[in-house]
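See structure below.
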Amino acid sequence: MEIAEILLLASAFIAALDIVNLRGKRETRFLDNRLPMVAVACTAVILSYLYLAWAFATNSFRFDEVYQYSSSGLGLTERLYASWASSGGSWLFLSFMFASGYLVIRMALGERKEHKGTYEFLDVLLIFILVVVLIQSPFRTLGFTPIEGRGLNPLLKTPWMLVHPPIVFLGYVLALFSLSFVFGSAEASPRLSRGLAATAWLFLTLGIAIGGLWAYEVLGWGGYWGWDPVETSSLVPWITLTAYFHLTTQLTGEKTSSRGFMLMVTSALIIFASAITRGGLAVSVHAFGRSPVGYVLLTLMGIVAVYFVFAKRKKGHALFRFDVNTDNVYNASMSLSFLSLIMISLVCVWGIVFPIINSATTGSDVSMDPEFFNRWTYPFALLFLASMVGCHLHERLTLRSYTAIMGGLVGLGLVFAFSGFPMGNMLTDLGIPMTLMAIAAVTYSLALNLARGRSPLLLSRGLIHLGVAFIMAGILVGSSSVTDYGELIGSPGSSMTVGDLTLEFGEFTVIEPSTTVLTSTAPQRTGPEWAGLMIPVTVRRGGDQSTGDVYISLYTIHGVVSRPTVVRSLGYDFYLVLHQSQTVYMALGHTLTGTPTAPPEFVMSVMEFPLMNLIWAGTLLMCIGIIVPIYATRRAPPAGRPTAAQSPGF
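Position 445 of the sequence shown, counting from 1, maps to 443 under my numbering, and the rest follow consecutively.
Next up, the structure:
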């Protein structure tokens, strides 16, 4: 057993002892009451991850994780993010982030009894996370010390690998911390919970957006979202956390645990997403293989729910209350927004769970078609847009006029849908009137609030909603207007015209092998890791032109890898992919074995995606808008007044 595993076991033991001391109202500090015992546990977890990171940095190939996911040819930054590329390594990295945050919380807030409930819950979470890490231990050693590693999967050799997993993990950890303060009795606990929830919302938003951008730019699927189980399971906690910010006292009453209940649901779904991704419960191109970790996480998911119910019942609080309020346009809009978000999340959960149930009962692996998610989430997405209209025009509308306008927009959408105007896609045409109305309503409200110098929180809400509307417009118009020019056969130095496009191809640049990997263990033998080809392409349309370099590579271990090249312009993206053909494969094979060769011809697919920048701009607006309420929650609210985070319509 490695020293790092001993540290993890000791950490779990100390966390369990901390629970005993907290429940028994005994001392939880040592060193003359200056240091919490759990600080030692957190420090041990941090040191365990640093031990693994050092093993990657120093090419300690005796560890199976380092051997499988690294090589001496990787740069230091690549070796760092290779440390969380595997299931075991990613769990250890998550425990590192959790322990670091818990250490900060414990040291900052001290050992006051008001935080007892918060600390007990965090101890339980830490123990379960450490159990999962030990099951998936990244410290397993080989029976020999290889002279080289097998290298990192080429699809993970991207800057997105450096930022995407840490951002997602940070969002998960912050959401769990937010729930933990629901169990605290300190006066500041509600404010801390809301602030952490807002910060978690920011990082989950960034994580989903960066994940989509990674898929779009690197994985070569021709899109940013495919309703894969892992993608969908990461989206659901974001939706329920968004719903949390749409619960107001007008909808829940004064003395209920409704907002805490939504945080519990979000946390349980985060654990569920981890079980899908790293427990292998679902079939996915993103997920790791099946392991007992999935069932451990499902157990933790149940414990979180039971813990919340028990704690709130003990205090005599109602677990959840939601009253549909139609007293005015604003309350009706907030009710509609919350209900639409919940329905979208239920559709997504069913789309994930049904294949798992089917696999368990029939033994066959199935997955839900993206069309299922598109068809069943779409009506509720339009309802959410309708709620945005009421949210921003409530001062000028009555319930009667609001209902009439919404009915008119639905009617106009139906006319568009059946007439095929303007896009020729029924679902897109149905949603265009509501989407444009939402953009107009939010823009009007933003301009009015700026002119009147109103609260920054109202401006924040407007930015978030404008971002949502932009994203919806980009999805509707962009997804129905994709142009696929097909697979084109070309030759270096030539040009061709396809529709209104002119493609000009340069000469191939041959990329010779420069790094090695272990290709055989008995006897140990190394070989070149990869070789590649690059060809520059210029895309012309009218007077506009854009240029990009298109790559294809052959890896000794991973085979042919063709990353897409995205040639961007303001209104549209060109998506270029160099395909494996006989001449290209032969040239790559010759280059890999030491004879640099350029092929005389190639096959390249060309697609055009319009309005992609609208989606990324919408995401940016949302993130800017979320930052404002995060700052607002840092200040204690004046007596008798709601905090910024309590205000509706985040």
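Every residue, glycine too, gets a C-beta built ideally from N, C-alpha and C.
Nearest-angstrom beta carbon gap, residue j and residue i [assumed within contact, 8 Å]
{"i": "Ile127", "j": "Ser93", "result": "5 Å"}
{"i": "Val548", "j": "Met602", "result": "7 Å"}
{"i": "Pro136", "j": "Ser84", "result": "6 Å"}
{"i": "Phe572", "j": "Glu599", "result": "With a Cβ gap of about 21 Å, Phe572 and Glu599 do not count as contacting."}
{"i": "Lys312", "j": "Ser255", "result": "Lys312 to Ser255, Cβ: 11 Å. No contact."}
{"i": "Val604", "j": "Leu464", "result": "Actually they do not touch by this definition, with Cβ atoms about 33 Å apart."}
{"i": "Thr327", "j": "His392", "result": "The question names Thr, but residue 327 in the sequence shown is Val. Yes, Val327 and His392 are in contact; Cβ-Cβ is about 4 Å, under 8 Å."}
{"i": "Leu239", "j": "Leu202", "result": "7 Å"}
Cβ pair residue i, residue j closer than 9 Å
{"i": "Leu123", "j": "Leu15", "result": "no"}
{"i": "Gly349", "j": "Phe382", "result": "no"}
{"i": "Leu245", "j": "Trp158", "result": "no"}
{"i": "Gly193", "j": "His162", "result": "no"}
{"i": "Ser69", "j": "Leu120", "result": "no"}
{"i": "Ser458", "j": "Met421", "result": "no"}
{"i": "Asp498", "j": "Arg539", "result": "yes"}
{"i": "Ser544", "j": "Ser560", "result": "no"}
{"i": "Gly525", "j": "Val535", "result": "no"}
{"i": "Met432", "j": "Val408", "result": "yes"}
{"i": "Val294", "j": "Val102", "result": "no"}
{"i": "Gln134", "j": "Arg276", "result": "yes"}
{"i": "Ala184", "j": "Glu109", "result": "no"}
{"i": "Val180", "j": "Phe308", "result": "no"}
{"i": "Leu50", "j": "Ala2", "result": "yes"}
{"i": "Arg148", "j": "Pro34", "result": "no"}
{"i": "Val347", "j": "Val234", "result": "yes"}
Inter-residue Cα distance where the pair is residue i and residue j
{"i": "Ile342", "j": "Ile17", "result": "38 Å"}
{"i": "Ser493", "j": "Leu486", "result": "11 Å"}
{"i": "Ala358", "j": "Val364", "result": "11 Å"}
{"i": "Ala285", "j": "Ile509", "result": "Any reading at Ala285 is ruled out, since the residue's pLDDT is 49, under 50, leaving its predicted position unreliable."}
{"i": "Leu410", "j": "Tyr570", "result": "28 Å"}
{"i": "Ile12", "j": "Ser178", "result": "19 Å"}
{"i": "Ala596", "j": "Thr514", "result": "22 Å"}
{"i": "Ser453", "j": "Leu204", "result": "25 Å"}
{"i": "Tyr117", "j": "Ser98", "result": "14 Å"}
{"i": "Thr581", "j": "Ser489", "result": "11 Å"}
{"i": "Ala37", "j": "Tyr170", "result": "21 Å"}
{"i": "Ala207", "j": "Thr617", "result": "7 Å"}
{"i": "Phe320", "j": "Ala330", "result": "12 Å"}
{"i": "Ser231", "j": "Gly541", "result": "44 Å"}
{"i": "Ala449", "j": "Phe419", "result": "36 Å"}
{"i": "Ile533", "j": "Leu160", "result": "27 Å"}
{"i": "Lys114", "j": "Arg21", "result": "8 Å"}
{"i": "Phe416", "j": "Asp427", "result": "9 Å"}
{"i": "Thr401", "j": "Phe318", "result": "28 Å"}
{"i": "Val345", "j": "Val537", "result": "41 Å"}
{"i": "Leu395", "j": "Ile625", "result": "30 Å"}
{"i": "Ala585", "j": "Glu505", "result": "14 Å"}
6 Å CB neighbourhood of residue i in its chain, flanking five on each side removed
{"i": "Gly429", "result": "Leu380 and Leu474"}
{"i": "His390", "result": "Ala439, Val440 and Ser443"}
{"i": "Met(-1)", "result": "none"}
{"i": "Phe704", "result": "As shown, the chain starts at -1 and ends at 648. That puts residue 704 outside it, with no answer to give."}
{"i": "Ile462", "result": "Met620 and Gly623"}
Neighbourhood of residue i by C-beta, 7 Å cutoff - its chain only, sequence neighbours within 5 removed
{"i": "Ala8", "result": "Ala42"}
{"i": "Val302", "result": "Met262, Ser265, Ala266 and Ile269"}
{"i": "Ile77", "result": "Looking at the sequence shown, residue 77 is not Ile but Arg. These residues qualify, in order along the chain: Phe54, Ala55 and Ser68."}
{"i": "Ser176", "result": "Ser191, Leu194, Ala195, Ala198 and Leu261"}
{"i": "Leu612", "result": "Phe468, Ala471 and Gly472"}
{"i": "Ala436", "result": "Leu383, Met386, Val387 and Ala467"}
Simplified DSSP state of residue i, which is helix, strand or coil
{"i": "Ser333", "result": "helix"}
{"i": "Trp212", "result": "helix"}
{"i": "Glu76", "result": "helix"}
{"i": "Glu3", "result": "helix"}
{"i": "Ile145", "result": "coil"}
{"i": "Tyr65", "result": "helix"}
{"i": "Glu502", "result": "strand"}
{"i": "Thr375", "result": "helix"}
{"i": "Ala449", "result": "helix"}
{"i": "Asp121", "result": "helix"}
{"i": "Glu606", "result": "strand"}
{"i": "His588", "result": "helix"}
{"i": "Ala285", "result": "Low local confidence applies: a pLDDT of 49 at Ala285 is under 50, so the model's placement there is unreliable, and no value is given."}
{"i": "Val364", "result": "coil"}
{"i": "Tyr100", "result": "helix"}
Residue i at chain D interface by Cβ criterion, 9 Å
{"i": "Phe94", "result": "The chain inventory of the structure shown lacks chain D, comprising one protein chain alone."}
Sequence-distant residues of the same chain with beta carbon closer than 8 Å to residue i, five excluded per side
{"i": "Leu74", "result": "Ala55"}
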